[in-house]
Amino acid sequence: MMNIQDALSIGDKGVISLVGAGGKTSLMYSLARELVSSGKRVLTTTTTKIFVPTREESPVTIVSKVPEEIVAKAKALLNKYPHLTVGSEYLLNRHKLNGLKVSVIEYILQSNLFDFIIIEADGAAGRSLKACAPHEPVVPLFSDCVVALMGLDVVAKPLTEEWVFRSSIFSRITGLELMQSVSESAIASAILHDMSSIPCSRQECVKIAFLNKADNLKALSAGEKIAELLEKMGKTIFHKIVIGELKPLPQIHQCRVVQQERTR
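Sequence positions in the sequence shown follow this note's numbering and run 5 to 268.
In structure tokens, the structure reads:
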């Protein structure tokens, strides 16, 4: 069975930024576990905010705003703990971690301590779908791979804030009115709109759509429809479209390679 590493074709090292909604945190820690099991050293972090990881998600968390301190602590820990999570400070009575500045992540990258840095680079307030505000997402220009997620359980649900984060922006982008059923075509349009605006300084940067929560035939069918739309409309944006599920255990159901019509 194909694993997440194979589905994303991430190679031997790199910076992976996760955006969108409906599974970023699950993907981050699931991928980290896979990479560690294959002998890699992995940093998980965020440029926004995340819940403080459990020890099952990440055995050690470093909390510091000072890049030199982060690197020094990581050096001391990595031989015993090849997966570390880093945040700049605790929030909400230590339930959440504030993220790192992009400049701090770049400093850590240049230390060459880690094979992979996985960044949760977007916030979605626990929803399965979102539209980006002008200041979102916070994706480092030096990312090697950007993965846009959404949760297929949102298909046919009403366009409300309960289901779609920043639903009014989603409505404006897609033309779907509030309270209307969220369609596959609206989802594809929103994903394409937001991913097309994410810059990468690395020409070889790979952009992937991950359609999550395909845990039943109805959801899988909806995922296939969205994937077909993304293949047709996103030839200058996406390299791959993955359909799968991340809970209770990661499963990749389909992995489609998009025939590129690159504009750059």
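By construction, the Cβ of each residue, glycine as well, lies at the ideal position given by its N, Cα and C atoms.
For this session: Give, in chain order, every unbroken run of the beta strand (DSSP E) that is at least 3 residues long and sits entirely within the stretch 6-76.
Result: List check, beta strand (DSSP E) in window: 18-24, 46-50, 53-55 and 64-67.
Problem set entry | Range covered by the alpha helix (DSSP H) that runs through residue 106 | Segment 106-114, the alpha helix (DSSP H) holding residue 106.
Problem set entry | Reduced DSSP category for residue 171 - H, G, I as helix; E, B as strand; rest coil | The answer is helix: DSSP assigns residue 171 an H, G or I state.
Exercise. In terms of residue numbering, what span does the alpha helix (DSSP H) encompassing residue 223 cover?
Worked result: Segment 221-237, the alpha helix (DSSP H) holding residue 223.
Exercise. Cα separation between residue 221 and residue 20?
Worked result: In this structure, the alpha-carbon of residue 221 lies about 30 Å from that of residue 20.
Problem set entry | Close Cβ partners of residue 185 (< 8 Å) along its chain, the five nearest in sequence each way excluded | These residues qualify, in order along the chain: 160, 161, 162 and 163.
For this session: Would you mind reading off the limits of the alpha helix (DSSP H) that contains residue 188?
Result: Residues 188-200.
Problem set entry | Close Cβ partners of residue 249 (< 8 Å) along its chain, the five nearest in sequence each way excluded | Result list for residue 249: 216, 217, 218, 219, 255 and 257, in chain order.
For this session: Would you check if the distance between the CB atom of residue 234 and the CB atom of residue 26 is smaller than 9 Å?
Result: No; because the gap between Cβ atoms is not below 9 Å, this pair is not in contact.
For this session: Please say whether residue 262 and residue 245 have beta carbons closer to each other than 9 Å?
Result: In this structure, residue 245 lies near residue 262, with their beta-carbon atoms less than 9 Å apart.
Problem set entry | Bounding residues of the beta strand (DSSP E) (the contiguous stretch that carries residue 216) | Note, residue 216: beta strand (DSSP E), 210-216.
Exercise. Would DSSP call residue 260 helix, strand or coil?
Worked result: Under the three-state reduction of DSSP, residue 260 is assigned to strand.
Exercise. Less than 8 Å between the CB of residue 109 and some heavy atom of the ligand ADP, yes or no?
Worked result: Here there are no bound small molecules, and the ligand ADP is not part of this structure.
Exercise. Residues in its own chain within less than 8 Å of residue 77 by CB, not counting five upstream and five downstream?
Worked result: So the qualifying residues of the chain are 66 and 68.
Exercise. Just curious, the beta strand (DSSP E) that residue 151 is in, first and last residue?
Worked result: Taken as a continuous stretch (DSSP letters only), the beta strand (DSSP E) holding residue 151 covers 149-155.
Problem set entry | Reduced DSSP secondary structure (H/G/I, E/B, other) of residue 90 | In the three-state DSSP reduction, residue 90 falls in the strand class (E or B).
Exercise. In or out: residue 268 buried (at least 16 other Cβ within 10 Å) or exposed?
Worked result: Any reading at residue 268 must be qualified, since the residue scores a pLDDT of 44, below 50, and its modelled position is unreliable; the value itself is stated next. Its Cβ having fewer than 16 others within 10 Å, residue 268 is exposed.
Exercise. Using the beta-carbon count (16 or more within 10 Å), is residue 183 buried or exposed?
Worked result: In summary, residue 183 is exposed, with fewer than 16 beta-carbon neighbours lying within 10 Å of its beta-carbon over all protein chains present.
Exercise. How about residue 46 and residue 118: do their beta carbons lie closer than 9 Å?
Worked result: Yes, Cβ-Cβ distance for residue 46 and residue 118 is below 9 Å.
For this session: With DSSP as the reference, please indicate the residues paired to residue 134 in a beta bridge.
Result: Assignment of beta-bridge partners to residue 134 by DSSP yields 169.
For this session: Check whether the Cβ atoms of residue 135 and residue 197 lie closer than 9 Å to each other.
Result: In this structure, residue 197 lies closer than 9 Å to residue 135 by Cβ.
Problem set entry | Supposed contact pair residue 192 and residue 230 - C-beta distance, whole angstroms, cut 8 Å | Your pair residue 230 and residue 192 checks out as a contact, with CB atoms roughly 5 Å apart and the cut at 8 Å.
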